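Notes follow the structure.
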Amino acid sequence: CVKMKYQASMICCLMFFLGIECSHYKSKVHIKDGDKLQHPEGKLKTGRIQEKCQGPCIMASNCSQPCAQHFRGEIGFTCHQNKWQKSTETCTSLSVETLFKDFSSASRLSLAASSVPVHVLDFRAPEPVESVAQGILRNCPIDYACILDVVKSSEATSGNIAFIVELLRNISTDLSDNVTQEKMKSYSEVANHILDTAAISNWAFIPDKNTSSDLLQSVNLFARQLRVHNESENLADELFIQAKGLRINHNTSEKKFNFSASMNSTTEGILGMIEIPRQELWKLSPNASQAISIAFPTLGAILEEVRSQNVSLPRPVNGLVLSVILPEGLKQVLFTFEKINKSRNARAQCVGWHSRKRRWDENACETTLEITNRVKCLCNYTNMVMSFSILMSPKSIDNKVLYYITCVGLSISILSLILCLIIEALVWSRVVVTEMSYLRHVCIVNIAVSLLIANVWFIINSNFHKKAQDSKWCVALTFFSHFFYLSLFFWMFFKALLIIYGILVVFRRMMKSRLMAIGFAVGYGCPLVIAGTTVAVTVPEKGYMRPDACWLNWDNTKALLAFAIPALVIVAVNLVVVLVVAVNTQRPSIGSSKSQDLAIIMRISKNVAILTPLLGLTWGFGVATLIEGTSLIFHIIFALLNAFQGFFILLFGTIMDHKIRDALRMRMSLLKGRTRVAENASLSPTNGSKLMNR
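Under mature numbering (1 follows the signal peptide of the UniProt record, and there is no 0), the residues of the sequence shown are numbered -22 to -1, 1 to 672, in order.
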């Protein structure tokens, strides 16, 4: 630098004597009048950016504002809850020209020497740089160092982040022929600038939501071309990206990569370890090969930040993101992740990032060990899945009270439903004397049968071995659980339709056979169509079941919606039916007494109490349990009401029905009468002579 400045001064002196205007060589960052001061080691201060648009805020409307001075692009805003909220940003101060502008001027001046005549020097403007690859090949093909100062001194705005990701992607595709350790170091420094903790929030405003995935894929692609020469090498050691390389062959013992990376400069490092099993190394050829691994402490938070606006109940990354580049033939790798959130309820799910689908793939890994602070994963490595981490499972209430409520409630519910079916069988001929009573008891029987079978399947699912979750048995368990729970809701829906039918339709009623056909089509046909379609659509993508249980998947394919949407819609419709019944029950009369009003209130309360379990309104409390941070009391209420639903059906649907009670008394009286007749007949004197005659 001293030599360069000295040569520039000599040239300017010569030009001064010739009467030519000249300015001394300045630092790499030019300062113009009115510009804000910028130092290579500092970040550009963009000034205040307008935080909202002018004019009225209409729901779902959009507007845009220009960026601050010296930035190109715009800031997009969306009206949400009567407030303008920032949605996108493309403000950037970087371009291909700014990357190489100052470096080109410095390189041209450095070519001059004191012995070169002035008339030989060419002071024409340099040829424009048309691409990043061209600029790097022209200015710094050995180590890519010519772009570092400009990139690292830029502010990490959303627009600059998107530009730097595109810059890294171009380098990975156009300049990856001969990747050296010096090039990898410069590449990592550029990536480290936009992986900084302070830049995480700005990733959410990049219009292209695949930018973070492009960064991960570009780094992996560039590292794949690197050649490891020593037994073990530290390829990059930045705060937010680390890379290591190993030489391996089929005679090598187990190889491990150990990382310790922190989310910022003040916190302790989060540990991560990659282990290549011995049996995998046996698959290698006798020739020496290599393995490269990369650790990202903040990339998981960036991926979550980008996708959190489109995903309900997101599952945050709870460890390092570890990439590995292995030679052909190696398929399985062991990972050990230290949890960021070490709370007791922070259960982990091992996952791999699918670069083509651009999402976490739960089928890529299997959790082999989980303790309070660490998780061990066995993952399948492919060209599409090269990066791995752990996700924090949705918060589950792990409480012994809920466990005992569920166990006791299901046991009582199953016994109650069996008793309900027995009672219905005993009194059937005496209670189905009319068309409506026949259909009513058909509904009760099918509701009891559906809930009984669904509870049995629930118990089987709860005790099914998790390691067999990928088998066809787990598919069958999930399908039948889904089908019978849907049947329960659709039969409750048909019962609600019958109630409305009985209230509103007095004349011109349909035939019983037609109503029966509609009932079975609704009760079993609709659930079969929904459950069958869910299987057909999600099983080919391996997104039908959860990774930890034989039940409908939520994170990948949202298959759980095939149960949640019909159930919640039916609960809402049935609630309307209960309100209609309550209004219809109230028959005010002029000059009614308080006792009559009290009788009306009691009659309404009784109808609501009877219809609530029969129409499944207790499942409405499940909505409250889905809200994050819901109090434990809501989970207990939900468990009590639904675990004991079979008992409530027996109580309100069977025992409290006076016709069933009368029929049951008559049945018991007949049984007692027959017993007495039999006893009297056995004690009669004539009975003995008849037996002798026989």
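Just so you know, even glycine gets a beta-carbon here, dropped at the ideal spot from N, CA and C. Predicted model, so just to flag it, every value in this text is computed and none were measured.
query: With which residues is Asn331 paired in a DSSP beta bridge?
result: Note that residue 331 is Trp in the sequence shown, not Asn. Trp331 pairs with Trp338, Ser365.
message: According to DSSP, is Glu306 part of a helix, a strand, or is it coil?
response: coil
contact_flag[the segment 124 to 142, the segment 60 to 75] where n(CB pairs < 8 Å) is 3 or more: yes
message: With distance defined between alpha-carbon atoms, name the residue in Ala46, Phe55, Cys45 nearest to Ala38.
response: Phe55
query: Roughly how many angstroms lie between the CA atoms of Met494 and Met488, to the nearest whole one?
result: 10 Å
- request: Could you pull out every residue in the same chain whose Cβ sits closer than 7 Å to the Cβ of Ala123, ignoring the five residues on either side in sequence?
  value: Ser164
- request: Have a look at the DSSP bridge pairing and note the partners of Val295.
  value: Leu369
field: Start-to-end residues for the beta strand (DSSP E) that takes in Ile252
entry: 248 to 254
message: Only counting the same chain, and skipping five residues up and downstream in sequence, which positions put a Cβ closer than 7 Å to that of Phe457?
response: Ala509, Val513
- request: Provide the residue span of the beta strand (DSSP E) that contains Phe235, from first to last.
  value: 233 to 239
task: Measure how close the beta-carbons of Ser301 and Met364 come, nearest whole angstrom, since I'm counting them as under 8 Å.
output: 6 Å
message: Please report the straight-line C-alpha distance between Ala182 and Met362, rounded to a whole angstrom.
response: 25 Å
query: Under a Cβ-count criterion, where at least 16 other Cβ atoms within 10 Å of its own Cβ denotes burial, should Trp469 be classed as buried or exposed?
result: buried
task: Leaving aside the five residues before and after Lys445 along the sequence, list all residues of the same chain whose C-beta is less than 8 Å from its C-beta, in chain order.
output: In this predicted model, Lys445 has a pLDDT of only 45, less than 50, meaning its place in the structure is not dependable; the value taken from the coordinates is given anyway. Taken in chain order, the list of residues that qualify is empty.
message: Determine whether the beta carbon atoms of Ile349 and Phe471 lie at a separation below 7 Å.
response: no
- prompt: Is DSSP giving Leu300 helix, strand or coil here?
  reply: strand
message: Judging by CA-CA distance, which residue of Cys343, Gly250, Val157, Gln159 is the nearest neighbour of Phe237?
response: Gly250
- request: Could you pull out every residue in the same chain whose Cβ sits closer than 6 Å to the Cβ of Pro294, ignoring the five residues on either side in sequence?
  value: Glu282, Met370
query: Expressed to the nearest angstrom, what Euclidean distance is found between the alpha-carbon atoms of Asn40 and Cys57?
result: 6 Å
task: Under 8 Å by Cβ, that's how I've got Gln268 and Gly223 pegged, so tell me the actual separation to the nearest angstrom.
output: 6 Å
message: Measuring only the C-alpha atoms, how far is Asn296 from Ile226?
response: 30 Å
query: When the Cα atoms are used, what is the spatial distance from Val559 to Leu593?
result: 13 Å
task: Can you tell me the Cβ-Cβ gap for Phe315 and Cys343, rounded? I've got them flagged as a contact below 8 Å.
output: Wrong, their Cβ atoms sit about 10 Å apart, outside the cutoff.
task: Would you mind sorting Val96 into buried or exposed? The rule is 16 or more other CB atoms within 10 Å of its CB.
output: At Val96 the pLDDT is 36, less than 50, meaning the model places this residue with poor confidence and gives no usable figure here.
task: Provide the residue(s) that pair with Thr56 in DSSP beta bridges, ordered along the chain.
output: Asn40, Gln63
- request: Label Thr151 either buried or exposed according to how many other C-beta atoms from any shown protein chain fall within 10 Å of its C-beta, with 16 as the threshold for buried.
  value: exposed
- prompt: When you compare only the Cα positions, how much space is there between Lys490 and Gly631?
  reply: 22 Å
message: Nearest by alpha-carbon distance to Gln63: which of Arg50, Ala46, Lys187, Ile36 is it?
response: Ile36
query: Three-state secondary structure (DSSP) at Asn439?
result: helix
- request: Could you round the C-beta distance between Phe599 and Ile615 to whole angstroms and report it? I think they count as a contact, below 8 Å.
  value: 6 Å
message: Within a Cβ cutoff of 6 Å, which residues of the same chain sit near residue 689, ignoring the five residues on either side of it in sequence?
response: This structure does not reach residue 689, given that the chain is present from -22 up to 672, and the question cannot be answered.
message: Helix, strand or coil, according to DSSP, for Phe625 in the structure here?
response: helix
task: Go to Asn358, then tell me how far its beta strand (DSSP E) extends in each direction, as first and last residue.
output: 352 to 358
- request: Measure how close the beta-carbons of residue 677 and Ser465 come, nearest whole angstrom, since I'm counting them as under 8 Å.
  value: Any question about residue 677 goes unanswered here, given that the chain covers just -22 to 672.
query: Do Gln257 and Ala239 have their C-beta atoms within less than 7 Å of each other?
result: no
query: From what residue to what residue does the beta strand (DSSP E) around Ala214 run?
result: 210 to 215
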